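Just so you know, the sequences run in chain order A and B. The first sequence runs 6 to 754 under this note's numbering. The second sequence runs -16 to 54 under this note's numbering. Ideal Cβ positions, reconstructed from N, Cα and C, are used throughout, including at glycine. Quick caveat: nothing in here was measured; it's all calculated off a predicted structure. Worksheet: the structure to be examined is printed underneath.
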Amino acid sequence: MEQADLRRLESQCVQEETPQCVAACPLHVDAKQFCKLMAQRRIDKAWQVLAKTMPLPGVLARMCGEPCKAACVRQDVGGPINMGTMERYCAENAKPINPPKPLPARNKSVGVVGGGFTGLCAAWELARRGFETTLYCSQLGEGLPPFPEGVLDRELTGLETMGVKIETGFDASVSFIRTLIGDMDAVFVDSDVLPESVRDFGAPDELTLGTQEHGLFVSLQGEDSAILQAATGRRAANSIERFTQGVSMVTGRELEGPYETRLYTNLDNVQSLTSALPERDCSELDVRDEAKRCLQCECMECVKSCEYLRHYKFYPKVYARQIYNNESIVMGTRQANTMINSCMLCGLCETVCPEDFSMADVCLEARRTMVEGDKMPPSAHEFALRDMAFANGEKCSLAKHAPGTDTSDYLFFPGCQLTASDPSGVEAAYADLRNRLGNVGLMLHCCGAPAEWSGRVVLERDSMNDLKQIWESLGAPKIIAACPTCLKSLRAGLPNAEITSHWSLLRVLGIREDSVSPKGPFAINDPCAARHDVVLREDIRSILDTLGADTVEPELSGETTQCCGYGGLLSEANPALGMHVAAKRAEAREEDYVTYCVMCRDMMAKTGKRALHLYDLLYSEVNDPAARPSPGYSERRENRVRLKEHLLRNLWREEPNSVAELFESIDVSFTDEALQRMEQRRILKSDVQKTLLAVRESGKRFVHAETGHYLTSHRPVIVTYWVEYEEQGKSYLVHNVWSHRMHIKGVKS
Amino acid sequence: MSVIKVPEADSAGWSCANCNVELTMQHVELEYLDSLFNVELPACPQCGIVLIPETLALGKMNQVEHLLEDK
Ligand code: SF4
Ligand code: SF4
Ligand code: SF4
Ligand SMILES: [Zn+2]
Chain A
6 MEQADLRRLE SQCVQEETPQ CVAACPLHVD AKQFCKLMAQ RRIDKAWQVL AKTMPLPGVL
66 ARMCGEPCKA ACVRQDVGGP INMGTMERYC AENAKPINPP KPLPARNKSV GVVGGGFTGL
126 CAAWELARRG FETTLYCSQL GEGLPPFPEG VLDRELTGLE TMGVKIETGF DASVSFIRTL
186 IGDMDAVFVD SDVLPESVRD FGAPDELTLG TQEHGLFVSL QGEDSAILQA ATGRRAANSI
246 ERFTQGVSMV TGRELEGPYE TRLYTNLDNV QSLTSALPER DCSELDVRDE AKRCLQCECM
306 ECVKSCEYLR HYKFYPKVYA RQIYNNESIV MGTRQANTMI NSCMLCGLCE TVCPEDFSMA
366 DVCLEARRTM VEGDKMPPSA HEFALRDMAF ANGEKCSLAK HAPGTDTSDY LFFPGCQLTA
426 SDPSGVEAAY ADLRNRLGNV GLMLHCCGAP AEWSGRVVLE RDSMNDLKQI WESLGAPKII
486 AACPTCLKSL RAGLPNAEIT SHWSLLRVLG IREDSVSPKG PFAINDPCAA RHDVVLREDI
546 RSILDTLGAD TVEPELSGET TQCCGYGGLL SEANPALGMH VAAKRAEARE EDYVTYCVMC
606 RDMMAKTGKR ALHLYDLLYS EVNDPAARPS PGYSERRENR VRLKEHLLRN LWREEPNSVA
666 ELFESIDVSF TDEALQRMEQ RRILKSDVQK TLLAVRESGK RFVHAETGHY LTSHRPVIVT
726 YWVEYEEQGK SYLVHNVWSH RMHIKGVKS
Chain B
-16 MSVIKVPEAD SAGWSCANCN VELTMQHVEL EYLDSLFNVE LPACPQCGIV LIPETLALGK
44 MNQVEHLLED K
């Protein structure tokens, strides 16, 4: 990621943009924070929020005309938040606080002419910035309404505490102002207090309030709203600060007054709630309830829908920076590796984001960069990639024309996971397709999604090339794919192929007569690969309709469906989070799920949720297939191998020619505990067999004094496997297994 | 290179089945991703086979592997 990419990504996410009310406030009072504290009844703290930003807060908080209301997002769901009333309540009831401590003295003097609210505010802002400020006026607080005893005096005392010198009894004239300009570094004049004479200096500039007279700043005439008068005072102080520093008077001042903000706040799930705040004499509970109506505006659309984003506690703007930093590390720990490898690449964030931010793109790109720079943690995807290689190896992969034919009009591509989880379903589906369409070839192969997800561009390209060659060697028939991920990968990798989903075909051809008529009701689970495939999603619903299934939808469904936790290899790179995501998805509906991605089905099954694949309804002979557990990793491999052998023998009358490897002859069984650990620890039966074969040859093993169990280890390639076992005649009973990646080089002599 | 001691490396009950002797703590060289470690681990004093107990493999060792992978 280049720095420019980071900047672009950071500005794409609007989560940190200013809330509407704050942007609309001429002084940008933090109304959101104010409401948050008021809702917690922390009135004194809330008052500090106001006083931090407002000049003469005790006066201004009682007079603000609340322009923020027109911008408040609550507007359409019960009416805007009544900031003015709450501010007044706060001013009357909170513990008074001292005026702000001015910045260190700048040794610059400024004269402020006019004792109206604008002049008072300008003096306040100038003093606060460390200017030596003198206020000249005929009368302090000119034009202000009457306030309760002491309110105005308190703020005037505050002005003096901040160092403002106050000279009353002046009737300023043009010549007086000219003298001031000569004596001081800058002068500000409230034009409402001195309407005639200031015209001599020309109309002030709207942005800077500067005049033709060097060093003289004048307010625009006729401003009678207190909050805008305060904003004028601040603008004048900002101008004078720039003027005395000799920097540009105009650049970067867009955010001084009210401005447009890009913050997006979704109101879809917001209940309308009207205000119950009385205008006068409100109680603390009244204001608390009003403050509670504040939506605490933010975006977080993606985080609300994605468990992965939620898990890492922030939002994409922050994540983009973390990923950028992760890439920039030369020495030290790359803290974000697991985070990068945990995104399911499911595309939900982009769909719900008002700015189309795609975390998937960012994470996939980051993975590619890691692979390219040889920085990808080897353990993250190795197991999944080994599995992909196995599915494409000679034991599992197959490509043939239909039995008895030497051409194919169609080619059935069930995908490596469906064959792993439901081999008999695949066999039945293939038979059904041949029955109806005739020349349907079969290809057992992986579509290459794991290579893509792991960021291995070269592997992805090579495996797609292999697949293409095989497909072409069969005469480039029309491909029928059943798995939504295969459909997506094949469409991207074989742009010239005609590819249709098994589901579209079934919709046209109709379903097998003896399909199970389901009980239901079922909740439809769209896999994330079908997010942008409207046709596919409709096909599924139409088939379920034909089956007479009673269906409901989870809240996040169709285009906004949630991933099951397998996508992007999350469940491999971060198994705990994968299971958490799956469990959350499982919880989304009480009904049994019906889905058309077998990984979704198996992920749900792993959490204990009852879930069906559509093949279970169309092609299963199992009783209660929704209760079928997810097959373990070893079983998945064996299912693929056996399916190939079985089909070769029964359909093509061929003997499988793959030679059995020696380790396969090791007769082994496992305790339940050992089986469970093998799943958790990603250890295959074949790994155990290889280890037992190795000890048979080397004899190197430990023995336990109490249990009599043996313990041995073996490192076929990179991982070292440990097997604790018992000998039972010629066979083995395995009690425990574990593994590590560190290589034991040996005892140092 | 200093020798790392790991309390997890408990080999209680295990002995070398081949040589029929108790294990002793010995200096063992471990390697992962171009990093070498010298660790005190239970091993057979005669044939030199090294034992990595489950707690060590899944605990400390796993942490160090991840740390090295993220370097
Ligand atoms: S709901 Fe709250 S944060 Fe949002 S605009 Fe209104 S006052 Fe501001
Ligand atoms: S898991 Fe899906 S929704 Fe969440 S960040 Fe990744 S692509 Fe976006
Ligand atoms: S949806 Fe997410 S990425 Fe998009 S603007 Fe909101 S917080 Fe940022
Ligand atoms: Zn020995």
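Would you identify the three-state DSSP class for residue i, choosing helix, strand or coil?
i                      : result
residue 307 of chain A : helix
residue 8 of chain B   : strand
residue 733 of chain A : strand
residue 477 of chain A : helix
residue 166 of chain A : helix
residue 44 of chain B  : helix
residue 620 of chain A : helix
residue 187 of chain A : helix
residue 666 of chain A : coil
residue 32 of chain B  : coil
residue 410 of chain A : coil
residue 22 of chain B  : strand
residue 716 of chain A : strand
residue 554 of chain A : coil
residue 448 of chain A : strand
residue 350 of chain A : coil
residue 418 of chain A : strand
residue 486 of chain A : strand
residue 320 of chain A : coil
residue 121 of chain A : strand
residue 295 of chain A : helix
residue 152 of chain A : coil
For a quick check, are the C-beta atoms of residue i and residue j less than 7 Å apart?
i                      : j                      : result
residue 44 of chain A  : residue 267 of chain A : no
residue 611 of chain A : residue 591 of chain A : no
residue 444 of chain A : residue 413 of chain A : yes
residue 482 of chain A : residue 415 of chain A : yes
residue 604 of chain A : residue 327 of chain A : no
residue 570 of chain A : residue 586 of chain A : yes
residue 168 of chain A : residue 157 of chain A : no
residue 121 of chain A : residue 195 of chain A : yes
residue 701 of chain A : residue 717 of chain A : no
residue 18 of chain A  : residue 359 of chain A : no
residue 644 of chain A : residue 425 of chain A : yes
residue 244 of chain A : residue 214 of chain A : yes
residue 646 of chain A : residue 405 of chain A : no
residue 246 of chain A : residue 133 of chain A : no
residue 552 of chain A : residue 622 of chain A : yes
residue 428 of chain A : residue 648 of chain A : yes
residue 728 of chain A : residue 676 of chain A : no
residue 139 of chain A : residue 170 of chain A : yes
residue 263 of chain A : residue 31 of chain A  : yes
Provide the residue(s) that pair with residue i in DSSP beta bridges, ordered along the chain.
i                      : result
residue -1 of chain B  : A:707, B:4
residue 741 of chain A : A:729
residue 334 of chain A : In the DSSP output, where bridge partners are listed per residue, residue 334 of chain A has none listed.
residue 530 of chain A : A:600
residue 230 of chain A : DSSP, once it has assigned bridges, lists no residue as partnering residue 230 of chain A.
residue 223 of chain A : A:194
residue 116 of chain A : A:139, A:192
residue 749 of chain A : B:13
residue 565 of chain A : Answer is none; residue 565 of chain A lacks a bridge partner.
| Sufficient close CB pairs (3 or more, under 8 Å) joining the segment 357 to 366 of chain A to the segment 434 to 442 of chain A | no
| query | Would you call the segment 542 to 555 of chain A and the segment 574 to 584 of chain A touching, i.e. three or more CB-CB distances under 8 Å? | reply | no
| Of all residues in the structure, which have a C-beta closer than 5 Å to any heavy atom of ligand 1, taken in chain order? | A:24, A:25, A:26, A:36, A:37, A:77, A:78, A:79, A:86, A:299, A:300, A:302
| Neighbourhood of ligand 4 [Cβ distance below 6 Å to any heavy atom], ordered by chain position | B:-1, B:1, B:2, B:27, B:29, B:30, B:32
| How do the segment 297 to 309 of chain A and the segment 33 to 48 of chain A stand: do at least 3 beta-carbon pairs fall below 8 Å, yes or no? | yes
| said: Could you check whether the segment 31 to 42 of chain B touches the segment -16 to 4 of chain B, counting it as contact only if at least three pairs of C-beta atoms, one from each stretch, sit closer than 8 Å? | reply: With a cut-off of 8 Å, the segment -16 to 4 of chain B and the segment 31 to 42 of chain B count as touching, because enough Cβ pairs lie within range.
| Is the number of C-beta pairs between the segment 69 to 77 of chain A and the segment 20 to 30 of chain A that are closer than 8 Å three or more? | Flag = yes, the segment 69 to 77 of chain A and the segment 20 to 30 of chain A touch.
| For the segment 332 to 352 of chain A against the segment 309 to 317 of chain A, are there 3 or more C-beta pairs whose distance is under 8 Å? | yes
| field | the segment 633 to 640 of chain A touching the segment 651 to 665 of chain A, judged by at least three CB pairs closer than 8 Å | value | Between the segment 633 to 640 of chain A and the segment 651 to 665 of chain A there are fewer than three inter-stretch CB-CB distances shorter than 8 Å, so the stretches are not counted as touching.
| Between the segment 111 to 125 of chain A and the segment 85 to 95 of chain A, do three or more beta carbon pairs fall short of 8 Å? | no
| task | State whether the segment 514 to 530 of chain A contacts the segment 444 to 456 of chain A, with contact taken as three or more CB pairs (one from each stretch) at a distance under 8 Å. | result | no
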